[in-house]
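Please read the structure below before turning to the comments.
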Amino acid sequence: MKWGLAARLGSVLALVSLLMAGMTGLYAYQVARDLLVQAAKDELMTATHVIARRVSDIRQDASRDLQLLARYPASLALLQGPPSSQGSQAEQLSTLFELMMRDNPAYFQMRLISASDYGLERVRVDRDGDNLLRVLGDDLQEKSHYPYVSDTLNLPAGSTYLSRIVINHERGAHAGLGQPTVLLASPVTNARGQALGVIVINMDLKGAFNRLASDLPAEFKLFLANQQGDFLIHPDNSKTFGFDTGRRVLMQDEFPATKVLVDGQVSQVMLEANAGAHAATPMVAAFTAKQIRVTSSESALFLGLAQPRSSVLNRSHALGLTILQIAGGLGLAGFALALLLARWVTRPLNTMSKAVAGFSTDQPIAGLPLHRQDEIGLLARSFDHMQQQIHQQFTELQANRQELEHLARFDALTGLPNRRLLMERLDNALERAKRTQTPLAVMFIDMDHFKAINDRWGHDAGDAALQWVARQLLEHTRKTDTVARLGGDEFVVLLDSPVPVDQLASIAQKLLDGMREPWFFEGHLCNIEFSIGISLYPQDGDTVDALLSSADAAMYRVKTASRNDFGFALQR
21 MKWGLAARLG SVLALVSLLM AGMTGLYAYQ VARDLLVQAA KDELMTATHV IARRVSDIRQ
81 DASRDLQLLA RYPASLALLQ GPPSSQGSQA EQLSTLFELM MRDNPAYFQM RLISASDYGL
141 ERVRVDRDGD NLLRVLGDDL QEKSHYPYVS DTLNLPAGST YLSRIVINHE RGAHAGLGQP
201 TVLLASPVTN ARGQALGVIV INMDLKGAFN RLASDLPAEF KLFLANQQGD FLIHPDNSKT
261 FGFDTGRRVL MQDEFPATKV LVDGQVSQVM LEANAGAHAA TPMVAAFTAK QIRVTSSESA
321 LFLGLAQPRS SVLNRSHALG LTILQIAGGL GLAGFALALL LARWVTRPLN TMSKAVAGFS
381 TDQPIAGLPL HRQDEIGLLA RSFDHMQQQI HQQFTELQAN RQELEHLARF DALTGLPNRR
441 LLMERLDNAL ERAKRTQTPL AVMFIDMDHF KAINDRWGHD AGDAALQWVA RQLLEHTRKT
501 DTVARLGGDE FVVLLDSPVP VDQLASIAQK LLDGMREPWF FEGHLCNIEF SIGISLYPQD
561 GDTVDALLSS ADAAMYRVKT ASRNDFGFAL QR
C-alpha cells in the first residue's frame, strides 16, 4: 500500500485527534471531581446555615415561652407570698408547665424559682421517661448558688439568660440527669421592676439536635462546639463534653482549619479533612459560627456538618465513564474522518465537526471558523446563528413552562396550593386512608367579616390579611399537612398523617388562637377571626366532594351560631 500525502496527513491528524480527546477527557474528569467536591462543600455550608437558623428558632420559641410564663399572673402571685397560701396558683402554673412540656419534647424540666428562701423552687415539673412529674414538698430544692438563678435576677424584665451547655449533674433531675443540657431563664418582676424570681427551662440538647439531624442524609455527620472549641455534639459520643471529665477534646485539634473560626478571624470555614482521625476516611466539612444574641456564659457556638469524601467522589465514577466514552467516540470519529478526508480541506472540516459535536442548548458552539470568508465560514456563521436562536427559544420555553406549572398549582397571592393541587393531594390522601384503614380529617376555614376589612381599608388590606392568615396557618400546622386557598377568603387544611380524633379540637383551637396575635395594616390594629368546619373520613364521607361539603356545611353552622369557633360535621 502506497502512503500518499493524504494517508500520511490523515494518520498524523488521527493520532493528534486521539491524543487531544484523551487529554480533554482526563482534564474534564479532574475538573468534574473538583467541582463535585466544591459543590458538596457548598451544599454542606447551606445545610449548616439552615440548621443554625432552626437552632435559633428553637431558642426563640423557648424565649417566648419564658416571657409568657414570666408575665403570667400566677407566677408573680406565687412569689409575693408564702407557699402555703397559694395552692391554686401553683396548680395553675404546674398545669401550664405540663402543657408546654407535652408540646415541646426537648424540655427536660420547667421551674419557678424564688429570689428569696435561698432560691427555693416554688413550682417544678420534670420529665421522667415518658411521664411528666410534678415535684412537691421537701423535694423542692434551693438554687440561689447557681449562676442561672443569680445572673438572671440581675437582668431587666423581658430578658433571656442562656447557660453554658454542660452535662446536668443537679440532684434529682430525673430524665435530665447526666444528659447534655442548656438552661434558659427569664426574671419575674413586679410593677416596680424588682426581680422576685426566675422562670427556668432545662432543654435536652442531644434530643433537640437528634431531631434536627433526622432530616439530614444518613451520611451527614453533625458537630457542635462551644466558644473554646470543646465538642458538645459529635458522631463519636466519647469525644463530647470532655471538659466534664477533666480532659479537652477540641474541634480545632480534629479539624485544624477551624482554628481561625475559633479565634474569631472568620465566620465560616469549608474544608477537607484527610489527616489524623480522618486519614483513613477523608471528610468534606463546613463549619459556621453562631453568635449568642442573649445574655449568656457563651459568646458563640460552632456548628458543622461533614460527609465522607468518598461518597462525593462516587458520583464522579459514572461521569468519568461517560467522559471516557465521549472522548473515545470523538477520537475514533476523528481517526476515521482524518483517514477518509485527509486533504487540505480536512483541517477546517474536522474543526467544524468537532465544534458541532459540542452543540447543546446551554453551551455555545466553540471553535467555529467564523472569520473565514468562504463557504466554510458561511456555514460556521449559520451554525452560530442557529445555536443562539435555539438557546434563546429554549430558555424562554423553560421559563414559561415553569411559570405556567407554578401558576396552575399554587395561589398567586398567598403562595399556598390552590384548589387543583389540593384536590390532587386530597384524592391521594383519601385513597391512602382507604387502603390503610386510617382516619383522615379536613378543616374548611372561612374568614369572619372579611368584607368589612375590604370596605374599611381597601382591597390592599384584604390581600395583606389573606397573606397573614396563610402564614399563620402554615406556622400552626405540621409540615406534612396541606394548607390551601380555595379562593376568596376560604382556606382548607388537610391533615394527611393520622391524627387522633380527640386531638382535632385542640388543633382547631390552636389555629383559632393563632389569630389572636395582633396584626396591623398601615398602623391600624385589625382583628382577624375565622370559622372552622371539620369533617372526617369515613364518618362524614368517603369521597373528596363529600368530605369538603361536610366540612363546608359544618363551617356555615359555626358562622350561623357564633363565628370565631369550630364545629364538626357530626356533633361530638
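In my numbering, the protein residues as written are 21 to 592.
Ideal placement from N, C-alpha and C gives every residue a C-beta, glycine not left out.
task = Tell me whether GLN285 is buried or exposed, calling it buried when 16 or more other Cβ atoms sit within 10 Å of its Cβ.
result = For the purposes of this step, residue 285 is taken as residue 265 along the sequence shown, with counting starting at 1. By the beta-carbon neighbour count (other beta carbons within 10 angstroms, threshold 16), GLN285 is exposed.
message = How far does the alpha helix (DSSP H) with VAL280 in it extend, from its first residue to its last?
response = The residue given as residue 280 occupies position 260 in the sequence shown. 279-282 is the extent of the alpha helix (DSSP H) around VAL280.
request  = Within 10 angstroms of the Cβ of GLU425, are there 16 or more other Cβ atoms? Answer buried if so, exposed if not.
outcome  = By one-based count along the sequence shown, residue 425 stands at place 405. Here GLU425 is exposed: its Cβ has fewer than 16 other Cβ atoms, across all protein chains shown, within 10 Å.
message = Under DSSP, the beta strand (DSSP E) around SER593 begins and ends at which residues?
response = An answer regarding residue 593 cannot be provided, because it is not within the stretch 21 to 592 covered by the chain.
Rounded straight-line distance, which links the Cα of LEU281 to that of HIS69 = Locating residue 69 in the sequence shown gives position 49, counting from the first residue. Locating residue 281 in the sequence shown gives position 261, counting from the first residue. Inter-residue distance for HIS69 and LEU281 is about 15 Å (C-alpha atoms, whole angstroms).
message = Spatial neighbours of VAL578 within its chain, please: C-beta separation below 8 Å, excluding the five flanking residues on both sides.
response = Mapped onto the sequence shown, residue 578 falls at position 558. Excluding positions up to five away in sequence, the list reads SER551, ILE552, GLY553, ASP585, PHE586 and GLY587.
ask   = Can you tell me whether THR421 is buried or exposed, with buried defined as 16 or more other CB within 10 angstroms of its CB?
value = Position 401 of the sequence shown holds residue 421. Looking at the sequence itself, residue 421 is Arg, so the reference to Thr does not match. ARG421 comes out exposed.
Neighbourhood of ARG592 by C-beta distance below 7 Å, restricted to the same chain and skipping five residues each side = In the sequence shown, residue 592 corresponds to position 572, counting from 1. Reliability fails at ARG592, whose pLDDT of 47 lies under 50, so the model's placement of it is uncertain and the value that follows must be treated cautiously. The answer is none, since no qualifying residue turns up.
inquiry  = Using DSSP's beta-bridge definition, name the partner residues of TYR127.
reply    = As a working note, residue 127 is residue 107 in the sequence shown. According to DSSP, TYR127 shares a beta bridge with MET223.
query = Between which two residues does the beta strand (DSSP E) harbouring TYR138 extend?
reply = Taking the first residue of the sequence shown as 1, we reach residue 138 at position 118. Per DSSP, TYR138 lies in no beta strand (DSSP E) and is assigned neither H nor E.
Coarse secondary structure for GLY2, derived from DSSP in three states = The first residue shown for the chain is 21 and the last is 592, placing residue 2 beyond what the model contains.
query = Are the beta-carbon atoms belonging to GLN327 and GLU239 less than 7 Å from one another?
reply = Counted from its first residue, the sequence shown places residue 327 at position 307. Counted from its first residue, the sequence shown places residue 239 at position 219. Going by C-beta atoms, GLN327 is nearer than 7 Å to GLU239.
message = By the DSSP assignment, the alpha helix (DSSP H) with MET290 in it spans what residues?
response = Translated into the one-based positions of the sequence shown, residue 290 becomes position 270. Segment 288-293 is the beta strand (DSSP E) holding MET290; no alpha helix (DSSP H) there.
task = Measure the C-alpha to C-alpha separation of LEU242 and GLY349 and round it to an integer number of angstroms.
result = The residue given as residue 242 occupies position 222 in the sequence shown. The residue given as residue 349 occupies position 329 in the sequence shown. If I take the Cα positions, the gap works out to 44 Å.
task = Report the rounded CA-to-CA distance for ARG329 versus ARG429, giving the unit in angstroms.
result = What you label residue 329 is simply residue 309 of the sequence shown in a count that begins at 1. What you label residue 429 is simply residue 409 of the sequence shown in a count that begins at 1. In a straight line, the C-alpha of ARG329 is about 39 Å away from that of ARG429.
task = Using 10 angstroms around the beta-carbon of GLY508, count the other beta-carbons present and answer buried if the total reaches 16, otherwise exposed.
result = Stepping through the sequence shown from its first residue, residue 508 is reached at position 488. Under this definition GLY508 is an exposed residue.
Per-residue DSSP class, three states only, for GLY349 = As a position in the sequence shown, residue 349 is number 329, starting the count at 1. GLY349 falls in the helix class under three-state DSSP.
ask   = If you draw a straight line from the C-alpha of LEU270 to the C-alpha of THR301, how long is it?
value = By 1-based counting over the sequence shown, the position of residue 270 is 250. By 1-based counting over the sequence shown, the position of residue 301 is 281. Computed Cα separation, rounded: 19 Å.
key: Simplified DSSP state of SER76, which is helix, strand or coil   = Position 56 of the sequence shown, counted from the start, is the residue given in the question as residue 76. If DSSP states are grouped into helix, strand and coil, SER76 belongs with the helices.
inquiry  = Which of the three DSSP states is assigned to PRO276 in this structure?
reply    = Position 256 of the sequence shown holds residue 276. Note: PRO276 maps to helix in three-state DSSP.
query = Under the three-state reduction of DSSP, which class applies to ARG505: helix, strand or coil?
reply = Looking up residue 505 in the sequence shown gives position 485. Look at ARG505 here: in three-state DSSP terms it is strand.
ask   = Within this structure, are the beta carbons of GLY458 and PRO538 separated by less than 7 Å?
value = Position 438 of the sequence shown, counted from the first residue, corresponds to residue 458. Position 518 of the sequence shown, counted from the first residue, corresponds to residue 538. Note that residue 458 corresponds to Thr in the displayed sequence, not to Gly. One thing to note: THR458 has its Cβ no nearer than 7 Å to the Cβ of PRO538.
query = How many whole angstroms separate the CB atoms of LEU236 and ALA67, which I take to be in contact at a CB cut-off of 8 Å?
reply = Counting from one through the sequence shown, the residue named residue 236 turns up at place 216. Counting from one through the sequence shown, the residue named residue 67 turns up at place 47. The pair is a contact, with the Cβ atoms about 7 Å apart (cut-off 8 Å).
ask   = If you draw a straight line from the alpha carbon of MET21 to that of GLY42, how long is it in whole angstroms?
value = Along the sequence shown, read from residue 1 onward, the residue named residue 21 stands at position 1. Along the sequence shown, read from residue 1 onward, the residue named residue 42 stands at position 22. Interpretation of MET21 is limited by its pLDDT of 47, a score under 50 that renders its predicted location unreliable; no figure is taken from the coordinates.
ask   = Hey, how far is the Cα of GLN100 from the Cα of ASP560?
value = Here residue 100 refers to the residue found at position 80 of the sequence shown. Here residue 560 refers to the residue found at position 540 of the sequence shown. Taking the Cα positions, GLN100 is about 52 Å away from ASP560.
ask   = Excluding five sequence neighbours on each side, which residues of the same chain lie with their C-beta closer than 6 Å to the C-beta of PHE117?
value = If you number the sequence shown from 1, residue 117 lands on position 97. Apart from sequence neighbours up to five positions away, the residues of its chain that approach PHE117 with a beta-carbon distance below 6 Å are MET130 and VAL145, ordered along the chain.
ask   = In chain order, what residues of the same chain lie with their CB nearer than 6 Å to the CB of ASN474, ignoring the 5 residues before and after it?
value = Along the sequence shown, one-based indexing puts residue 474 at 454. Here the set comprises GLY482.
message = Short of 7 Å in beta carbon distance, which residues of its chain neighbour LEU567, apart from the five on each side in sequence? Order them along the chain.
response = Taking the first residue of the sequence shown as position 1, residue 567 is located at position 547. Here the set comprises VAL462, SER555, TYR557, ASP560 and GLY561.
ask   = Is it a yes or a no for the segment 271-280 touching the segment 185-203, going by three-plus beta-carbon pairs under 8 Å?
value = Flag = no, the segment 271-280 and the segment 185-203 do not touch.
query = So the alpha helix (DSSP H) LEU494 belongs to, where does it begin and stop?
reply = As a first step, residue 494 is located in the sequence shown; it is residue number 474 there, counting from the start. Counted as a single uninterrupted DSSP element, the alpha helix (DSSP H) harbouring LEU494 occupies residues 479-495.
query = Out of curiosity, what's the CA-to-CA distance linking ALA472 and LEU436?
reply = Looking up residue 472 in the sequence shown gives position 452. Looking up residue 436 in the sequence shown gives position 416. CA-to-CA, the gap between ALA472 and LEU436 works out to about 24 Å.
query = Do three or more CB pairs link the segment 106-121 to the segment 256-274 at distances below 8 Å?
reply = Judged by Cβ distances under 8 Å, the segment 106-121 makes no contact with the segment 256-274, as fewer than three pairs qualify.
request  = Starting from the Cα of ALA211, find the closest Cα among ARG142, VAL155 and ALA90 and give me that residue.
outcome  = To locate residue 211, count along the sequence shown from 1; it is residue 191. It is ALA90.
request  = Output the residue ranges of the alpha helix (DSSP H) runs that lie fully inside the segment 176-258 and measure 4 residues or longer, sorted by chain position.
outcome  = Taking only runs of at least 4 residues, the alpha helix (DSSP H) segments lying wholly in the segment 176-258 are 225-233.
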